[in-house]
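Protein sequence lines, in the order shown, are assigned to chains A and B. Residue numbering for the first sequence follows UniProt numbering, beginning at 1 and increasing consecutively. Residue numbering for the second sequence follows UniProt numbering, beginning at 1 and increasing consecutively. Even for Gly, the Cβ is constructed at its ideal location relative to N, Cα and C. No experiment lies behind these values; they were computed from the predicted model shown. Presented below is the structure to which this report refers.
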Amino acid sequence: MITRRRFGQYSLSAGATTLILPKGWARAQGTRPELTVAVDNLWANINTINGISTTTRRFFPNIYSHLVERDYLADEQGLTLRPGLATEWNRDGKVWTLKLREGVKFHNGETMTAEDVAFTLGPERLWGEEPFEPRGKTFTAGFTRVEAVDDLTVEIETETEDPYIPGKLTGYIGFVVPKAAYLDMGVDAFGQAPIGTGPYRVTLFRSGEVLEMEAFDDYWEGPPPASKISWRIVPEFAGRMAGLVSGEFDFIVNIPTDQEPQLQSYDDVTLARALAGNYPAFAFNCRPDPEDNPLVDANLRKGMVQAIDMDSIVQALFGDTTFHPAVPFNFPEYGDFYDPDMVNPLPYDPEAARAKIEQSGYDGQTLDWHITRDFYPNYEAAAQIMVEMWRQVGVNVRAEILDNFELVYARPYHMMNMSMSTDFIPGDPYQPLWLDWGPTSSRATATWKTWDPTEEYLEAGREFEAATTFEARKEAYLKLSQAWQDVTPGYYLWKSVYNWAHRSNIDFVPRPDGEMRMFGDYMSLPS
Amino acid sequence: MLRFWLIKLLRTVVTLWLVVTFAFIVLRTSGDPVVALLGADARPDEVEYFRRLWGLDQPLIVQYLNYIVQMATGQFGMSLRDHRAVIDIIAERLPATVELGLTAFAIAAIIGIPAGIIAALRRGGVLDRLIMTIAVFGFALPNFFLGILMILLFSLTLRILPSSGTGTWQHLVMPSITLATFTAGSLARFTRSSMLEVLEKPYMRAAAAKGASFSRRVLFHAFPNAAIPIVTVIGLNLGQLVAGAIVVETVFAWPGIGRLLVVAVSQRDLAVVQGLVLVIAATMVMANLLVDLLYGLLDPRIREAST
């Protein structure tokens with residue numbers, strides 16, 4: 001915990017020592033402050049893949065380092081890639097060659113080699129028959145070979161040419177683990193006492209209580225600014241807020257939108273926000289299950305979309321913090337794919353909505369909308385408003401707030417809540433448009449599936465997957481997006497917002513991926 | 001006497017079996033643990049893989065029998081959530097709940113019982129009405145509400161107590177008072193009514209006639225006779241302290257078994273929930289046994305009847 005007095009002490013001692021000692025020495029000698037972060041939750045394990053969640057993403061980069069980094073300091077969408085543990089990457093057809101950084105140390109003192117990287121990305125761990133972390137298959141689709149060529153060179157071969165491998169390595173699969181320690185400990189034990197190459201090493205992990213980490217001074221980018229960080233679970237927001245204001249905590253997370261002004265009213269507290277690469281949405285059940293489902297008619301779905309004044313809803317619930325993406329998949333984080341002038345084919349228009357609904361032959365039947373309680377901020381409030389807007393155009397929707405996703409997935413239903421992420425490949429709409437709606441997605445294959453991809457969509461998707469140049473990919477993207485919009489199997493509400501609050505004397509740069517980087521140019525502490 | 005204890009033991013075993021079975025049925029029929037643990041975005045093949053890995057693809061009856069056999073042989077199994085031994089997880093969290101529960105219980109007894117006695121002795125007076133008003137207030141105030149109010153007052157505004165967590169005696173103050181409030185109110189009310197009943201008994205008049213002092217009459221004649229219903233309430237409230245801890249531990253981020261139970265239920269972590277349910281049920285059973293023993297100590301008639 002940082003207090004004014006302690007800051008004063010740090011300032012004096014740092015000032016004196018920096019006159020006579022080399023840069024970084026003082027930090028390495030334990031004169032750095034400790035930080036406490038109050039979080040709403042941790043996770044059951046800290047495995048890079050089995051432990052995937054919003055809550056682990058916050059602290060992962062403090063423990064593990066990526067092979068390739070997204071540079072959010074260079075551009076706010078993070079479309080610039082820069083070297084991480086890999087210093088170079090080159091493609092020759094289906095084979096990518098990664099050159100690794102020399103002399104990188106793991107927290108157990110071992111030096112990182114190409115063997116570690118090959119194991120990290122390999123079949124034994126991620127994509128074989130019975131891998132240690134089977135969720136890795138999603139992120140390594142198309143991998144056929146990962147091999148250490150020499151101590152600092154790794155080759156990745158894919159089934160078809162894949163120009164997006166460096167982008168994929170900025171995600172969860174790009175966090176490198178030490179092969180020997182991982183195999184020795186086993187995946188479960190490793191997830192409780194993880195070893196990475198990041199700036200902090202884990203010293204204590206109790207999944208329901210606290211995660212403690214201390215500075216790892218052999219970190220490849222130099223000693224980090226804090227000597228220790230405690231991530232403590234404080235489930236109640238009132239407790240997190242009180243702790244931050246009273247000085248017990250240095251950071252808190254997940255601030256309800258309506259509580260932001262309260263926090264901003266304190267002089268020594270700073271609010272930080274970032275628009276996340278994620279969009280809450282709802283899916284229409286487009287299938288004849290239940291048999292009398294009127295939503296099988298696209299006119300009804302499109303009419304319901306045109307009945308929603310989502311800009312007003314977002315303004316009422318979030319102010320100017322976020323926005324409603326009027327055209328699906330035309331998201332600003334997609335760089336050159338994004339067209340700010342794209343025309344919305346289904347704008348808010350109650351008259352047009354009534355006409356389409358009438359055309360569908362909808363007879364007033366009640367449509368059940370399954371919603372997971374408290375899962376997406378402000379979702380229930382927005383749902384109430386939408387239900388009323390639909391009532392205005394003659395559609396009866398019953399929002400059923402349910403305790404968990406298992407209940408949401410239980411048939412029968414006509415609509416359900418969902419959200420979709422956009423950052424699997426930086427600057428490319430692959431994830432929300434194809435991975436999340438495509439023929440292998442949950443939405444099209446699970447017992448609770450909500451649509452059957454059309455032939456037009458599948459054909460456009462195959463073109464999209466095969467495209468290796470930007471021009472070809474953009475053309476396929478527009479076609480694929482159009483095929484999706486012809487069906488309109490869902491509706492994107494707004495771009496999610498991550499928020500944090502911290503002591504004002506800490507400089508902190510929030511990231512849209514939710515990572516809280518307590519090092520480098522993303523955070524500086526008073527000295 | 002032996003038969004008496006054997007019947008009690010048999011009842012205990014049946015109670016525990018029923019509790020565990022009920023927890024199994026409710027948890028396994030109200031949601032899929034794999035979906036709960038992997039999250040909403042998990043693909044069907046991932047869900048199937050983990051279902052196989054954790055034996056959840058077996059018929060329900062097979063899973064149930066396996067579990068009962070495990071329990072009977074003293075194995076609580078492994079947590080689905082973090083793959084650690086359930087016994088270790090519970091052992092890690094139990095001391096915090098015991099510390100909080102015992103402190104709260106001590107506070108409740110120290111405040112509630114004397115307050116009830118004073119209210120009975122001042123029946124109908126201002127003091128009686130004041131104490132009973134406070135008792136009803138404490139009895140009726142929801143834990144989470146009182147807890148958050150205390151955080152806002154003592155941590156946010158006055159900044160004299162830590163808002164959450166554990167480690168020092170200051171951390172214990174707000175959670176234990178919050179947890180004790182309900183029990184203190186309840187004890188005060190029961191103590192008052194029990195004392196009122198006893199104070200009107202002929203032996204109290206006889207004690208006064210024999211010249212026993214006021215304090216002697218209250219402490220050695222009235223209170224021991226009023227204690228049996230109070231002990232019953234104390235026994236019931238021991239269980240209530242564990243149940244109340246679920247809310248209080250969440251509000252104050254107290255790392256005990258209450259919060260562990262909330263997380264385990266929401267994640268459908270069956271092994272942990274059943275381990276906890278057993279611990280909580282065993283606590284209740286032990287509390288009841290202690291109450292039975294105290295009955296014997298307090299009332300010679302009961303002691304003699306059971307020998």
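query: What residue range is occupied by the uninterrupted beta strand (DSSP E) comprising residue 92/A?
result: Its beta strand (DSSP E) spans residues 86 to 92.
message: If you measure between the beta carbons of residue 156/A and residue 104/A, is that distance less than 9 Å?
response: no
field: Length of the line joining the Cα atoms of residue 274/A and residue 457/A
entry: 32 Å
task: Counting only the same chain and skipping the five closest in sequence on each side, list residues whose C-beta sits under 8 Å from that of residue 518/A.
output: Hits under 8 Å: 35, 62, 199, 200, 224, 225, 226 and 229.
task: Could you work out which residues of chain A lie near residue 203/B, taking near to mean beta carbons separated by less than 9 Å?
output: None at all; the shortest Cβ gap to chain A is about 52 Å.
query: When the cut-off is 9 Å and only beta carbons count, does residue 406/A lie next to chain D?
result: Among the chains of the structure shown, chain D does not appear; the protein chains present are A and B.
- prompt: Can you give the beta carbon distance from residue 279/B to residue 90/B, rounded, assuming they're within the 8 Å contact cut?
  reply: Indeed, because the Cβ distance is near 6 Å, the residues count as touching under 8 Å.
task: Closer than 7 Å, Cβ to Cβ, to anything on chain B: give me those residues from the stretch 434 to 465 of chain A, in chain order.
output: Answer in chain order: 442, 445 and 446.
field: Candidates 289/B, 113/B and 193/B, of which the one nearest residue 7/B by Cα
entry: 289/B
Cβ contact (3+ pairs, closer than 8 Å) linking the stretch 179 to 191 of chain A and the stretch 38 to 50 of chain A: yes
- request: Please go through the same chain and pick out, in chain order, the residues whose beta-carbon is closer than 8 Å to the beta-carbon of residue 300/A, but skip the five residues on each side of it.
  value: 294, 356, 357, 360, 362 and 395
- prompt: Under 7 Å Cβ-Cβ, which residues of chain A neighbour residue 151/B?
  reply: 238, 239 and 242
field: Closer than 9 Å to chain A by CB, residue 162/B
entry: yes
message: Tell me the DSSP secondary structure of residue 169/B in three-state form.
response: helix
Distance, residue 173/A Cα to residue 475/A Cα: 29 Å
- prompt: At what residues does the beta strand (DSSP E) containing residue 492/A begin and finish?
  reply: 490 to 492
- prompt: Under 9 Å between C-beta atoms, does residue 221/B make it to chain A?
  reply: Chain A, which has no Cβ nearer than 9 Å to the Cβ of residue 221/B, makes this no.
- prompt: Quick one: does residue 148/B have its CB under 9 Å from some CB of chain A?
  reply: So, interface residue.
message: Quick check on DSSP: helix, strand or coil for residue 417/A?
response: strand
- prompt: Can you tell me the Cα-Cα spacing of residue 434/A and residue 11/B, whole angstroms?
  reply: Per the coordinates, the alpha-carbon of residue 434/A lies some 59 Å from the alpha-carbon of residue 11/B.
Bridge partner(s) assigned by DSSP for residue 35/A: Answer is 229/A.
message: As a quick exercise: from 115/A, 111/A, 109/A and 106/A, pick the residue whose alpha carbon is nearest that of residue 98/A.
response: 115/A
message: In the DSSP output, what is residue 507/A paired with across the bridge?
response: 524/A
field: Inter-residue Cα distance where the pair is residue 54/B and residue 191/A
entry: Going by the C-alpha atoms only, they are around 17 Å apart.
query: Which of helix, strand or coil does DSSP assign to residue 58/A?
result: helix
- request: Check whether the Cβ atoms of residue 256/B and residue 146/B sit closer than 9 Å, and answer yes or no.
  value: no
query: By how many angstroms is the C-alpha of residue 166/B removed from the C-alpha of residue 15/A?
result: Interpretation of residue 15/A is limited by its pLDDT of 35, a score under 50 that renders its predicted location unreliable; no figure is taken from the coordinates.
task: Ignoring anything shorter than 4 residues or poking outside the stretch 257 to 285 of chain A, list the alpha helix (DSSP H) runs there in chain order.
output: 260 to 264
- prompt: Looking at C-alpha atoms only, which residue of 177/B, 114/B, 132/B and 296/B is the closest neighbour of residue 144/B?
  reply: 177/B
- prompt: So is residue 283/A in contact with chain B if we call contact Cβ pairs under 9 Å?
  reply: no
- request: Under the assumption that residue 238/A contacts residue 303/A (Cβ atoms under 8 Å), give the Cβ distance between them as a whole number of angstroms.
  value: At roughly 43 Å, the Cβ-Cβ gap does not stay under 8 Å, so residue 238/A and residue 303/A are not in contact.
- prompt: For residue 56/A, which of 380/A, 292/A, 210/A and 524/A has the nearest alpha-carbon?
  reply: 210/A
- request: State buried or exposed for residue 9/A, treating a residue as buried only when at least 16 other CB atoms are found within 10 Å of its CB.
  value: A caution first: residue 9/A carries a pLDDT of 41, below 50, which makes its placement in the model unreliable, though a value can still be read off. Under a 10 Å Cβ-count criterion, residue 9/A is classified as exposed, with fewer than 16 other Cβ atoms of the shown protein chains found around its own Cβ.
Cβ contact check for the stretch 212 to 232 of chain B and the stretch 132 to 140 of chain B: 3 or more pairs under 8 Å: no
field: Simplified DSSP assignment, three categories, for residue 459/A
entry: Three-state DSSP puts residue 459/A in a helix.
- request: Go through its chain and collect everything with a Cβ distance to residue 23/B's Cβ below 7 Å, but skip five positions before and after it.
  value: Here residue 23/B has 273, 274 and 277 as same chain residues with Cβ atoms under 7 Å from its own Cβ, once five neighbours each way along the sequence are excluded.
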